[in-house]
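Numbering-wise, our numbering puts 107 at position 96 of the sequence shown, and it's gapless, one number per residue. Read the structure below first, then the notes.
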Amino acid sequence: MGKRHRKQKRGGRVTPKGTRPGGSPRQPERRPRDREPNLLDDVAEALGTGNPLDLLALVSGLVDVLAGPRSALDPRDPELPSVATFVDSFVEVPGPDTTAVLAVLAALLPDELAARSARRELARRHDALPSWLAWLDRAAPGRVVEVADVLGDASNVMVEAVLADGQTLTVVALLDHAAGSAVGDGFVIPDGIDAILRRMGDTTPSSSMTVTDLDPAVARVRLEEGVRHGTMFVPPFESDTWPAARPLVLWGAGLLPEGGELPERPEWSEDDEEALIGAFLASEEGRGFDDDDHRDLLETLVWLGTGYGSGDPLRWSPNRVAELLLDLVPRKVMAEPTHLAKVPTLLRALVGYGHRERGIPTDLTADTLDAIEQLRPEYEEAITDPGRPRGAEALALQALSLTGASSPALQDLWARELAQIVERAGGPEALASLDTAPLPDEPLDLTGVPEDVLDRVREVAALCDEACDALLGVEARTACRRLVARVGRDGPDAFRRKGRSDTAAAALCWVVGRAGDRVGPDQGQVSAKSLLAHFGLTASVASRAGALLRAAGFAARSEPWTALPPEMILADGRRAMLLDAGRFRMLLAGAEAAGAGPEPGPPTLFPASEPAPPPSGPAGDAPTRHRLKVTLQDIRPPIWRRLEVDSATTLAELHDVLQVAFGWSDSHLHAFTVGDRSFVPAPMVDEWSPWGAPATDEATVTVADVLAPGVAATYTYDFGDGWEHTIEVEATASDGADVDLPRCTGGRRAGPPEDVGGAWGYGHLLEVLADPTHPEHDDQLEWLGGPFDPERFDAQEITRRLRGR
Numbered sequence: 012m013g014k015r016h017r018k019q020k021r022g023g024r025v026t027p028k029g030t031r032p033g034g035s036p037r038q039p040e041r042r043p044r045d046r047e048p049n050l051l052d053d054v055a056e057a058l059g060t061g062n063p064l065d066l067l068a069l070v071s072g073l074v075d076v077l078a079g080p081r082s083a084l085d086p087r088d089p090e091l092p093s094v095a096t097f098v099d100s101f102v103e104v105p106g107p108d109t110t111a112v113l114a115v116l117a118a119l120l121p122d123e124l125a126a127r128s129a130r131r132e133l134a135r136r137h138d139a140l141p142s143w144l145a146w147l148d149r150a151a152p153g154r155v156v157e158v159a160d161v162l163g164d165a166s167n168v169m170v171e172a173v174l175a176d177g178q179t180l181t182v183v184a185l186l187d188h189a190a191g192s193a194v195g196d197g198f199v200i201p202d203g204i205d206a207i208l209r210r211m212g213d214t215t216p217s218s219s220m221t222v223t224d225l226d227p228a229v230a231r232v233r234l235e236e237g238v239r240h241g242t243m244f245v246p247p248f249e250s251d252t253w254p255a256a257r258p259l260v261l262w263g264a265g266l267l268p269e270g271g272e273l274p275e276r277p278e279w280s281e282d283d284e285e286a287l288i289g290a291f292l293a294s295e296e297g298r299g300f301d302d303d304d305h306r307d308l309l310e311t312l313v314w315l316g317t318g319y320g321s322g323d324p325l326r327w328s329p330n331r332v333a334e335l336l337l338d339l340v341p342r343k344v345m346a347e348p349t350h351l352a353k354v355p356t357l358l359r360a361l362v363g364y365g366h367r368e369r370g371i372p373t374d375l376t377a378d379t380l381d382a383i384e385q386l387r388p389e390y391e392e393a394i395t396d397p398g399r400p401r402g403a404e405a406l407a408l409q410a411l412s413l414t415g416a417s418s419p420a421l422q423d424l425w426a427r428e429l430a431q432i433v434e435r436a437g438g439p440e441a442l443a444s445l446d447t448a449p450l451p452d453e454p455l456d457l458t459g460v461p462e463d464v465l466d467r468v469r470e471v472a473a474l475c476d477e478a479c480d481a482l483l484g485v486e487a488r489t490a491c492r493r494l495v496a497r498v499g500r501d502g503p504d505a506f507r508r509k510g511r512s513d514t515a516a517a518a519l520c521w522v523v524g525r526a527g528d529r530v531g532p533d534q535g536q537v538s539a540k541s542l543l544a545h546f547g548l549t550a551s552v553a554s555r556a557g558a559l560l561r562a563a564g565f566a567a568r569s570e571p572w573t574a575l576p577p578e579m580i581l582a583d584g585r586r587a588m589l590l591d592a593g594r595f596r597m598l599l600a601g602a603e604a605a606g607a608g609p610e611p612g613p614p615t616l617f618p619a620s621e622p623a624p625p626p627s628g629p630a631g632d633a634p635t636r637h638r639l640k641v642t643l644q645d646i647r648p649p650i651w652r653r654l655e656v657d658s659a660t661t662l663a664e665l666h667d668v669l670q671v672a673f674g675w676s677d678s679h680l681h682a683f684t685v686g687d688r689s690f691v692p693a694p695m696v697d698e699w700s701p702w703g704a705p706a707t708d709e710a711t712v713t714v715a716d717v718l719a720p721g722v723a724a725t726y727t728y729d730f731g732d733g734w735e736h737t738i739e740v741e742a743t744a745s746d747g748a749d750v751d752l753p754r755c756t757g758g759r760r761a762g763p764p765e766d767v768g769g770a771w772g773y774g775h776l777l778e779v780l781a782d783p784t785h786p787e788h789d790d791q792l793e794w795l796g797g798p799f800d801p802e803r804f805d806a807q808e809i810t811r812r813l814r815g816r
């Protein structure tokens, strides 16, 4: 799968200086069969030094090779002995050296059966061992701290371990925040945390790092989840101490109490982002950028700054600007090169402002600004490439040429995403067995659910249905119904205990939403805060979710949603990395191609001059029906409609459908946007030139021509008020069913009145109408022509109106 993973850096530091051991104990070879003739000699030598770390490091490396966590793309070597056989090889050879190894194996082995076998043999032996080793199970945790790089790239979590004889070790794990806080390196230092921090203070300016004491239970879950997440990366993280030290890091985490929850990623609301942009433009650094072009780019930089890396749009490092300029902007932002060419200069100003606001040392700011200038030529080459892939095409092409990517950073990025996708599918074989059909719209199946919990299950399912209809979609609703039924059938005690039904429903929706990438911090996803607000909740539901999944027999995970099997995970058409089976298989094929070397000149999947190919139905036929979910943007609670239309419907005809569905009066101009292509009424074609791109007559293309599952589309109506509607393809069918179309099958809330002033004006109108004492109340009622019910929605009435047009 390419070169071994080593952190690619563009200046700056990933691991704060002074945290790596200044003379690490000797690390063993990774394959015990290569060392077996001399293994006991190595054990005797390690015992003879009197330094516990020598023996611990030796055995840790062996344990990782034999029993360490592996991803689907980094399987265990089948030629290695099993863990049980390895333990038996020491059980069968008496003596103090094998007894010493068994004592360490009993503490480090993740295989509980093998660890018990080692403990049973230890109980029968009477060899003299150093007290720290004889009572290794009595090691206790000391101080727990996090040493973080002020630029947010990475941090070291340190766990102090006090051995039975009073010696102190410190387990150190590097959390790479650019890689989702995966543990990418680790080691153990034969000293306490206070002494380590003093040495760090002698070598590293205090202004470039922060030291924070951690809640031990939170530190444990962060370390365990970070190690698990790190196994998904292909090629794997590797250093002179990693992954040999992985069992020791997990041992140190295991000394800490359970019950911690992963901290939620900070969320930036639209108001927060607008306030930041306003403050920047009013600052000395922001002078000269207050125009439409720069505001547009600034919004993009803030969005990418909050959605990736540390999540702080004011804390930029050389690594973060490299990812932004070499990957995120060229791949995600659809604009002309002349527009994108302004990014580096604007980014320099934003870095200067952000670092000043965050109090970043000037030398680190200089490093970051230097990185922008060094990357500028490569960035300009990327944005001016006429064949520059974007969106889903970029994902496909970069997966298909993984080892031939132009930047090592891109190789790492796509290798990680590929590994995560295969992991989510359950491995290569499970991946190959999946089909490409979306989850069907199916009813709640209560077969096998005990009588005494039926009412509770129905209540929770109904609450899940409401949330999915409002926020997550049909596939999520089906997944939630399957999940709540399974909990009721296989773990009914979870519904017999006291507990709020809305909390249970929120937990199950959160699990399904996270598993299917519907819920998260990225653009196009529903934030966890918004999902919880739908249920009137504010506290995390992760613990409740884990309890419900365990009751249903799913594996316990620190991130509960990763326990769901692929058949319960919905497809997602709004992100570049799709979770549908077709995308799974495409990326798996890309991995195989990359392993053999990239093919010269991979073909463009979606030529820029042609629309995306129409989707195929279940049997490979062209679709005859499209089910669309159309949501009005920037309105909370959301206003949306679920519509079924003939696949041969032109976009001009779809415009008519949308006008009826949302109650518009067709009094203003409109346009459809699909990717970087625009579709407008014929009279507007010659005058339409966003960024110089030509438009197409909407009457000449059909829904099947341009709207496929996974293709994002926008319908804009009234360029003054700026009503933007997101169009999602929930499903297509080619079954020839005798169904009268078009029709409306679901939705929420009334459409806003015409000419109300956009989303802001509509919000103001609702505030006025809700307060009869408001000075504008009577005037607004008169303007409306009578009472207005914002919650009114009738799918049958909309369908009747559609049939009457």
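Using N, Cα and C, we set each Cβ at its ideal position, and we do this for glycine too.
Exposure label - residue i; buried when at least 16 CB within 10 Å
i, result
"residue 50", "buried"
"residue 208", "buried"
"residue 753", "buried"
"residue 6", "The requested residue 6 is not part of the displayed model; the chain covers only 12 to 816."
"residue 509", "exposed"
"residue 651", "buried"
"residue 688", "buried"
"residue 340", "buried"
"residue 734", "buried"
"residue 218", "exposed"
"residue 128", "buried"
"residue 309", "buried"
"residue 324", "buried"
Reduced DSSP secondary structure (H/G/I, E/B, other) of residue i
i, result
"residue 327", "coil"
"residue 207", "helix"
"residue 314", "helix"
"residue 775", "helix"
"residue 665", "helix"
"residue 809", "helix"
"residue 752", "coil"
"residue 395", "helix"
"residue 792", "helix"
"residue 213", "helix"
"residue 91", "coil"
"residue 243", "coil"
"residue 200", "strand"
Own chain partners of residue i with C-beta closer than 8 Å, once the 5 adjacent residues on each side are dropped
i, result
"residue 681", "666, 691, 692, 726, 727, 728, 729"
"residue 506", "464, 467, 468, 471, 498, 499, 515"
Beta-bridge partners of residue i, as assigned by DSSP
i, result
"residue 734", "728"
"residue 651", "642, 759"
"residue 689", "684, 706"
"residue 538", "DSSP output for residue 538 lists no bridge partner at all."
Same chain, Cβ closer than 6 Å to residue i, five either side skipped, listed in chain order
i, result
"residue 110", "136, 138"
"residue 788", "779"
"residue 187", "165, 193, 195"
"residue 618", "Note that residue 618 scores 28 on pLDDT, short of 50, meaning its location in the model is unreliable and no value can be drawn from it."
"residue 803", "761"
Close Cβ partners of residue i (< 7 Å) along its chain, the five nearest in sequence each way excluded
i, result
"residue 269", "228, 231"
"residue 530", "521, 524, 536, 537, 539, 542"
"residue 765", "675, 676, 678"
"residue 801", "760, 761, 777"
Margin query: Could you check whether the segment 295-302 touches the segment 250-266, counting it as contact only if at least three pairs of C-beta atoms, one from each stretch, sit closer than 8 Å?
Written below: no
Check: On the three-pair Cβ rule with 8 Å, is the segment 652-664 touching the segment 764-776?
Finding: no
Next item on the list: May I ask you to verify whether the segment 358-366 touches the segment 375-388, counting CB pairs closer than 8 Å and requiring at least 3?
Entry: yes
Check: Below 8 Å, can you find three or more Cβ-Cβ pairs linking the segment 508-515 to the segment 667-681?
Finding: no
Next item on the list: Answer yes if the segment 702-722 comes into contact with the segment 752-766, meaning at least three C-beta pairs across the two stretches below 8 Å, and no otherwise.
Entry: no
Note to self: Does the contact criterion of 3 or more C-beta pairs under 8 Å hold for the segment 312-320 versus the segment 329-338?
What the structure shows: yes
Check: So, do the segment 110-124 and the segment 65-79 have three or more beta carbon pairs nearer to each other than 8 Å?
Finding: yes
Notebook entry, point to check: Are three or more beta carbon pairs between the segment 120-129 and the segment 145-156 nearer than 8 Å?
Noted result: no
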